[in-house]
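1 is the number of the first residue of the sequence shown in my numbering; add one for each residue after it. Heads up: the structure comes next, in structure tokens.
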Amino acid sequence: MGGLDAVVVGAGPNGLSAAIVLARAGLSVLVLEASDTIGGGARTFELTLPGFRHDICSAIHPMAVVSPFFRELKLDVEWIEPKFALAHPLDDGTAAIVERSVEATAARLDRDERAYRSLIGPLVKTADALLSDILRALLVIPRHPLVLARFGIHAVRSAEAVARQFHGDRARALLAGCAAHSMVPLDRAGTGSFAIVFPVTGHVSGWPVAKGGSQAIPDALAKRLRSLGGEIRTGARVQSMRDIPASRAVLFDVTPRQLASIARDALPRGYVRRLERFRYGPGVFKIDWALDGPIPWRARECGGASTVHVGGTFEEIARHEAEIWRGRNTERPFVLIGQQSLFDPTRAPSGKQTVWGYCHVPNGSTDDMTERIERQVERFAPGFRDRILARHTMNPAQLQEHNENLIGGDIGGGANTLLQFVLRPVARLNPYTTPNRRLFLASSSAPPGAGVHGMCGYWAARAALRRVFR
Numbered sequence: 001m002g003g004l005d006a007v008v009v010g011a012g013p014n015g016l017s018a019a020i021v022l023a024r025a026g027l028s029v030l031v032l033e034a035s036d037t038i039g040g041g042a043r044t045f046e047l048t049l050p051g052f053r054h055d056i057c058s059a060i061h062p063m064a065v066v067s068p069f070f071r072e073l074k075l076d077v078e079w080i081e082p083k084f085a086l087a088h089p090l091d092d093g094t095a096a097i098v099e100r101s102v103e104a105t106a107a108r109l110d111r112d113e114r115a116y117r118s119l120i121g122p123l124v125k126t127a128d129a130l131l132s133d134i135l136r137a138l139l140v141i142p143r144h145p146l147v148l149a150r151f152g153i154h155a156v157r158s159a160e161a162v163a164r165q166f167h168g169d170r171a172r173a174l175l176a177g178c179a180a181h182s183m184v185p186l187d188r189a190g191t192g193s194f195a196i197v198f199p200v201t202g203h204v205s206g207w208p209v210a211k212g213g214s215q216a217i218p219d220a221l222a223k224r225l226r227s228l229g230g231e232i233r234t235g236a237r238v239q240s241m242r243d244i245p246a247s248r249a250v251l252f253d254v255t256p257r258q259l260a261s262i263a264r265d266a267l268p269r270g271y272v273r274r275l276e277r278f279r280y281g282p283g284v285f286k287i288d289w290a291l292d293g294p295i296p297w298r299a300r301e302c303g304g305a306s307t308v309h310v311g312g313t314f315e316e317i318a319r320h321e322a323e324i325w326r327g328r329n330t331e332r333p334f335v336l337i338g339q340q341s342l343f344d345p346t347r348a349p350s351g352k353q354t355v356w357g358y359c360h361v362p363n364g365s366t367d368d369m370t371e372r373i374e375r376q377v378e379r380f381a382p383g384f385r386d387r388i389l390a391r392h393t394m395n396p397a398q399l400q401e402h403n404e405n406l407i408g409g410d411i412g413g414g415a416n417t418l419l420q421f422v423l424r425p426v427a428r429l430n431p432y433t434t435p436n437r438r439l440f441l442a443s444s445s446a447p448p449g450a451g452v453h454g455m456c457g458y459w460a461a462r463a464a465l466r467r468v469f470r
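Structure below.
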């Protein structure tokens with residue numbers, strides 16, 4: 001076949017990472033992006049008032065700084081690490097805090113100090129080995145089997161089961177907030193992995209923000225790709241294989257439903273049906289605020305964290321996540337807050353702040369969660385509403401309109417049920433390949449899943465190099 005060596009559909013972090021791997025191998029690469037700007041889930045815009053820069057989707061980047069591929073690239077991104085990675089306030093005015101030090105974090109958990117050190121400490125000590133294994137397809141021989149086995153003992157359990165070894169509200173709430181990133185009920189198998197991995201990355205990376213906004217990450221990737229001779233074409237919507245220039249390989253940074261639609265005639269009907277049965281997870285309702293000052297947290301330590309989990313006790317968070325799974329919103333949602341401008345003054349005018357927040361909602365929900373989200377923040381930060389200068393909201397449909405990969409507002413590339421998480425997108429020895437030898441899936445719907453780490457694209461490109469270019 002004449003023309004290009006490879007075409008990548010989608011200029012998110014995974015698509016750009018895939019393109020870089022291919023271009024480094026000396027191949028001619030073109031990236032097609034439907035939007036007018038690159039970045040996918042890592043874009044930054046002025047959404048509220050002039051001078052207030054808001055991250056549209058991803059905002060805090062623990063996985064970006066631990067990503068083996070990004071570390072190898074030495075991306076031209078300035079990372080800003082807050083004093084604390086994570087804070088979780090409670091109604092008594094205290095907060096659970098994740099610091100860089102496991103010992104310092106555990107010391108704040110009173111009677112759960114020893115249990116936290118026992119669970120998290122050994123995994124932090126072997127974090128490089130652990131992360132190198134979990135940031136790849138799970139159905140492969142691990143490079144560090146003993147480390148992965150230690151993690152797996154707890155990871156396959158539910159967050160509820162993992163939390164039983166803790167007794168105080170602070171430790172249990174901390175685990176619940178981390179586990180809720182799975183967007184799966186906390187009594188489901190596999191949610192224990194989220195409860196453990198997120199604190200581990202907090203101790204390893206500090207949960208930093210990218211100076212200037214998340215857009216800095218895809219911009220740095222694009223710069224590297226162009227330096228290797230790769231081309232990026234924006235405003236280039238791909239609706240069928242006819243929209244893709246002739247090439248030896250095509251890598252898709254899209255979800256299974258979109259792949260099935262675009263490549264329907266190039267794939268066996270049975271495989272297309274399996275793609276169409278792929279299950280998407282809950283959506284999110286997101287608010288960006290322009291504030292007249294920092295959030296006035298009752299627990300002052302929260303002002304030292306880039307991320308604040310707002311939702312109260314383990315039981316409250318578990319109740320909300322279970323109801324979302326049943327298709328119902330609650331009056332007290334679990335809210336994730338990002339307060340990047342506390343640490344990055346480029347995000348807002350002097351003395352002002354930008355704040356990013358969302359809660360989980362049923363996939364495709366049309367409910368306006370603004371009042372409920374702001375009431376939850378006010379619960380732990382009296383006077384918060386008085387500081388709001390402007391707000392910008394996005395429901396699941398609006399998020400999908402902004403980024404077509406966010407099906408029904410699902411920011412995770414698919415439901416994180418244990419079976420689908422292990423076998424995403426479909427049960428296949430090499431999950432990045434398809435029955436068509438020149439087509440590959442390079443999105444977060446493939447392992448290792450969601451997060452700005454580029455590893456889905458990296459492994460898909462490696463698969464293409466072996467299969468097509470040998």
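Positions of the beta carbon are idealized from the N, C-alpha and C atoms, including for glycine.
N-terminal and C-terminal residue of the beta strand (DSSP E) that residue i is part of
i: I232; result: 231-234
i: G283; result: 283-291
i: I388; result: 388-394
i: L228; result: That residue, L228, is in no beta strand (DSSP E); it is neither H nor E in DSSP.
i: V147; result: Run containing V147: none in the beta strand (DSSP E); it sits in the alpha helix (DSSP H), 145-155.
i: V8; result: 4-9
Straight-line Cα distance separating residue j from residue i
i: I373; j: R332; result: 8 Å
i: R438; j: A463; result: 10 Å
i: R347; j: K211; result: 8 Å
i: L441; j: S341; result: 35 Å
i: R143; j: L419; result: 22 Å
i: L465; j: Y432; result: 12 Å
i: A6; j: I217; result: 23 Å
i: P122; j: D243; result: 50 Å
i: C359; j: T393; result: 12 Å
i: L49; j: L86; result: 27 Å
i: A263; j: M241; result: 6 Å
i: A127; j: G192; result: 17 Å
i: G412; j: S182; result: 8 Å
i: V197; j: E33; result: 32 Å
i: L221; j: G229; result: 13 Å
i: V254; j: L406; result: 9 Å
i: R226; j: R24; result: 11 Å
i: P472; j: G408; result: Beyond the ends of the chain as shown, which are 1 and 470, falls residue 472; an answer cannot be given.
i: E404; j: R114; result: 45 Å
i: R277; j: S261; result: 13 Å
Continuous alpha helix (DSSP H) stretch holding residue i: start and end
i: A179; result: 169-179
i: P62; result: 62-66
i: G471; result: Nothing can be reported for residue 471, as the shown portion of the chain is limited to 1 through 470.
i: M455; result: 455-464
i: S261; result: 256-262
i: S17; result: 13-24
i: D253; result: Note, D253: premise wrong, no alpha helix (DSSP H); not H, not E.
i: V468; result: Per DSSP, V468 belongs to no alpha helix (DSSP H) and is neither H nor E.
i: V184; result: No alpha helix (DSSP H) contains V184, which DSSP labels as neither H nor E.
Classification of residue i by the beta-carbon crowding that lies within 10 angstroms, buried from 16 upward
i: Q258; result: buried
i: I232; result: buried
i: G3; result: exposed
i: L429; result: exposed
i: H453; result: buried
i: D368; result: exposed
i: Q398; result: exposed
i: A42; result: buried
i: P145; result: exposed
i: T486; result: Any answer about residue 486 is impossible in this case: the structure gives the chain only from 1 up to 470.
i: V140; result: exposed
i: E401; result: exposed
Same chain only: Cβ atoms within 7 Å of residue i, ignoring 5 sequence neighbours per side
i: I388; result: W289, L291
i: Y271; result: T434, P435
i: S17; result: F69, L221, G454, G457, Y458
i: G304; result: P82, K83, F84
Cut-off 6 Å between Cβ atoms - residues of its own chain near residue i, not counting five sequence neighbours on either side
i: I80; result: P208, V209, K211, F343, D344
i: G39; result: Q215, P218
i: A195; result: A159, V162, L175, C178, A179
i: S205; result: P62, V65, V66
i: L135; result: P448, M455
i: V29; result: A6, A19, L22, A23, G230
i: V8; result: G15, A18, A19, V31, L251
8 Å Cβ shell around residue i - same chain, five flanking residues per side excluded
i: M1; result: With a pLDDT of 45 at M1, under the threshold of 50, the predicted position of this residue should be treated as unreliable, and no value is reported.
i: R111; result: H167, G168
Inset, instruction - Pick out the complete beta strand (DSSP E) segments inside the segment 333-369, 3 residues or longer, and give them in chain order. - result: Within the segment 333-369, the complete beta strand (DSSP E) segments of 3 residues or longer fall at 335-338, 353-361, listed in chain order.
Legend entry - Continuous beta strand (DSSP E) assignments of at least 3 residues falling wholly in the segment 295-335: 305-310
Inset, instruction - List in chain order: all unbroken beta strand (DSSP E) runs of 3+ residues lying wholly within the segment 37-82. - result: Qualifying beta strand (DSSP E) stretches, in chain order: 44-46, 53-55.
Legend entry - beta strand (DSSP E) runs contained entirely in the segment 408-459, provided each spans 3 or more residues: 439-441
Inset, instruction - Please specify which runs of the alpha helix (DSSP H), each continuous and at least 4 residues long, are wholly inside the segment 85-111, giving them in chain order. - result: 102-107
Legend entry - 4-residue-minimum alpha helix (DSSP H) runs that sit fully inside the segment 113-143, ordered along the chain: 113-125, 127-134
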